[in-house]
Amino acid sequence: MSVVEAPAIRIRGLERSFRDVSVLRGVDLDVAPGTIVALLGANGAGKTTLVRILATLLRQDAGTASVAGHDVRSDARGVREALSLTGQFAAVDEVLTGRENLALVARLRHLPDPNGVADALLERFSLVEAGRRRAGTYSGGMRRRLDLAMSLVGDPAVVVLDEPTTGLDPLARLEVWDAVRELATAGTTVLLTTQHLEEAEQLADRIAILHRGRIVQDGTLAELRALLPQATVEMVERGPSLEDVFLAVVGERPGLESPAGDAGTSEGER
Amino acid sequence: MSTHAIHADPAVGSGATLRGIRDVATLTGRSLRHVLRSPDTIVTTAVMPIAFLLLFTFVLGGAIDVGDAAYVDYLLPGILLITIASGIAYTSYRLFLDLQAGIVERLQAMPIARSAVLWAHVLTSLVANLVSLAVVVLAALAMGFRSGAGIGAWLAVAGILVLVTLALTWVAIIAGLTARSVDGASAFSYPLILLPFVSSAFVPTETMPGPVRWFAEHQPVTAIVDAMRALLAGEPVGGELAVALAWVLGILVVAATIAAAIQRRRRA
């Protein structure tokens, strides 16, 4: 591949409207290889529209977008080889087991050892035990992890996560965050959309703010902070937040199989 | 494997076709697994036609004059069409669920042919319907259905059933692609299930009043049923076979074309 120097994702002047509603009005964005970029925006800001154009699921009205050097319009197949999309709702096959879901994607990506690939990913996402059960029996966090694992089959260069933690409880959210960090450590480029500021702070190397169809700011957290006047020092009594309490009460971050008891009931759920 | 070659070099086309076939096979395996894990769909498909068989053979059939033939022999071809009409409802149901769960979208963001997703559903429908049809034929045999037809005639009947299944499956694909609710996804099959009643499937058309008779004699079910009935009775098949094939192939081509167009427009 000769695109090492080029951005993993390159978007210029991207426009898209639905009927007479103009959703994207000239988006410019670069994502450097191996980084995590958070696309931050309110509901309806156009995050999902942008992501769907990148994943070749939607056509733009104007402008260009390329992924790993492949143009989304002229080389959709190249884009699909390079990019994996994890949509807003975990798109797993509930009738198949976790392992079958992964092996299915591996077969469709024509990898030599689909079952081996599936087993390795189950291991990596702490789903070995659950891998034998139907995905329909999984908790929200497990479904999300399986969903992420399915996106990683075949090691795509770019992974796009559309609101990866929406609808998850705090524990499951931490599990997903760990998985995303691990991705970037392994050299994968990650573009994630979120409406949670904390998520962007926690995960992203750079943050791009999408507002009224344009990227209005794009920079590191420090750069964005520098936009506002220096913080003044105020004494504020800070008790533990409800989230701190919740996490303390339900035990430390699992990041592992699932809350206790799940494995034991695996046979009884059918 | 160079990903660029696929576009640049037309000679690689056959490799792409081969991969496409493998993808269809993989996806067909997946949805057949769905059928295997809820075998009730095959049973449910066969239950209503078998109930009709029992009802018409042992309750109503005695009062229906179909000439010399045993009524169950007269009845079976129409019942087989009803079996297909109720079986394909599951195809639109499965496709609709795949769309709703985001699985179709996930597949379309992957480097596989977009048509592979639909073809997998079509082939799964074919396999599931052929199993249901076999169950219904076995039930008919138990009720006294007999045929003197040779292997050639049986193969011709099987061929007609395969074509009818394919044609109606593409209609079901359209319903699955455009439905807004689970109920809507299968509701389209009700008229198809009722259509045989206004045809020669249950009673000869001669006793029907003018306009109804005209409709019955000019709608596809009558031609298809008459052709299969003649084949199973070992009688020479006349023009009805050509009419039947024209109808079935026409529906097949039109429905498949519309389904493909809808599928393309989903990316608008």
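Same order as they appear, the protein sequences are chains A and B. Taking this note's numbering, I'd label the letters of the first sequence as residues 1 to 270. Taking this note's numbering, I'd label the letters of the second sequence as residues 1 to 268. Backbone N, C-alpha and C fix where the C-beta goes; we use that ideal spot for every residue, glycine too.
Residue from the options with nearest C-alpha to residue i
i	options	result
A167 (chain B)	B:F58, B:A46, B:T257 and B:V135	B:T257
A42 (chain A)	A:A200, A:L152 and A:E243	A:A200
A204 (chain A)	A:P114, A:A6 and A:V37	A:V37
D178 (chain A)	A:V159, A:F89, A:E163 and A:R145	A:R145
V59 (chain B)	B:A255, B:H34, B:M143 and B:A46	B:M143
L148 (chain A)	A:Q217, A:R225, A:T165 and A:N115	A:T165
R10 (chain A)	A:L50, A:A65, A:R19 and A:V21	A:A65
T48 (chain A)	A:L24, A:G69, A:D71 and A:D30	A:L24
S22 (chain A)	A:V176, A:G46, A:T35 and A:L227	A:G46
L18 (chain B)	A:L224, A:R16, A:H110 and A:L121	A:H110
L14 (chain A)	A:R80, A:L85, A:G213 and A:A90	A:G213
Short CB-CB distance (under 8 Å) between residue i and chain A
i	result
P111 (chain B)	yes
R264 (chain B)	no
D23 (chain B)	yes
H121 (chain B)	no
R229 (chain B)	no
R213 (chain B)	no
A11 (chain B)	Because the pLDDT at A11 (chain B) is just 42, under 50, the model does not fix this residue reliably, and the point stays unresolved.
R269 (chain B)	This structure gives no information on residue 269 (chain B), because the portion of chain B shown stretches from 1 to 268.
R30 (chain B)	yes
Contact set between residue i and chain B, taken where Cβ atoms lie within less than 7 Å
i	result
F89 (chain A)	G102
L127 (chain A)	The contacting residues do not exist; L127 (chain A) stays about 18 Å from chain B at best.
Under 8 Å from the C-beta of residue i: neighbouring residues of chain B
i	result
A55 (chain A)	A109
8 Å Cβ cutoff, residue i in contact with chain B
i	result
L108 (chain A)	yes
E15 (chain A)	no
V95 (chain A)	yes
G41 (chain A)	no
I9 (chain A)	no
Contact under 8 Å by Cβ, residue i with residue j
i	j	result
L96 (chain A)	L83 (chain A)	no
V203 (chain B)	L81 (chain B)	no
Q108 (chain B)	L57 (chain A)	yes
L133 (chain B)	L161 (chain B)	yes
V153 (chain A)	V180 (chain A)	no
V92 (chain A)	I215 (chain A)	no
F96 (chain B)	V182 (chain B)	yes
S186 (chain B)	Y93 (chain B)	yes
A8 (chain A)	T189 (chain A)	yes
R143 (chain A)	A135 (chain A)	yes
Q88 (chain A)	D162 (chain A)	yes
I251 (chain B)	V136 (chain B)	no
R114 (chain B)	Q263 (chain B)	yes
G98 (chain A)	G131 (chain A)	yes
H121 (chain B)	S31 (chain B)	yes
A246 (chain B)	V237 (chain B)	no
Under 7 Å by beta carbon: chain A residues contacting residue i
i	result
E105 (chain B)	L57, G87 and A91
H34 (chain B)	V95
R19 (chain B)	H110
Chain-ordered chain A contacts of residue i [CB-CB under 8 Å]
i	result
T26 (chain B)	L104, R107 and L108
R37 (chain B)	V95
Q | Every unbroken alpha helix (DSSP H) inside the stretch 73-126 of chain B [4 residues or more] | A | Listed in chain order, they are 103-108.
Q: Report the residue ranges of all alpha helix (DSSP H) runs contained in full by the stretch 186-254 of chain A; include only those spanning at least 4 residues, in chain order.
A: Positions of the alpha helix (DSSP H) runs, each at least 4 residues long and wholly inside the stretch 186-254 of chain A, are given as 197-203, 221-226 and 242-249 in order along the chain.
Q: Can you give me, in chain order, the residues of the stretch 99-123 of chain A that have a beta carbon less than 8 Å from any beta carbon in chain D?
A: Absent from the structure is chain D; the protein chains it does hold are A and B.
Q) Fully enclosed by the stretch 45-69 of chain A, which alpha helix (DSSP H) runs are 4 residues long or longer? A) Runs of the alpha helix (DSSP H) inside the stretch 45-69 of chain A: 47-54.
Q) Which parts of the stretch 187-248 of chain B are runs of the alpha helix (DSSP H), unbroken and 4 residues or longer, counting only runs that do not cross its ends? A) If you keep only unbroken alpha helix (DSSP H) runs of at least 4 residues inside the stretch 187-248 of chain B, you get 189-194, 210-218 and 220-232.
Q. At what residue ranges does the stretch 79-124 of chain A contain a whole run of the alpha helix (DSSP H), taking only runs of 4 or more?
A. Taking 4 residues as the shortest admissible run, the stretch 79-124 of chain A contains the following complete alpha helix (DSSP H) segments, listed from N- to C-terminal end: 98-108 and 114-124.
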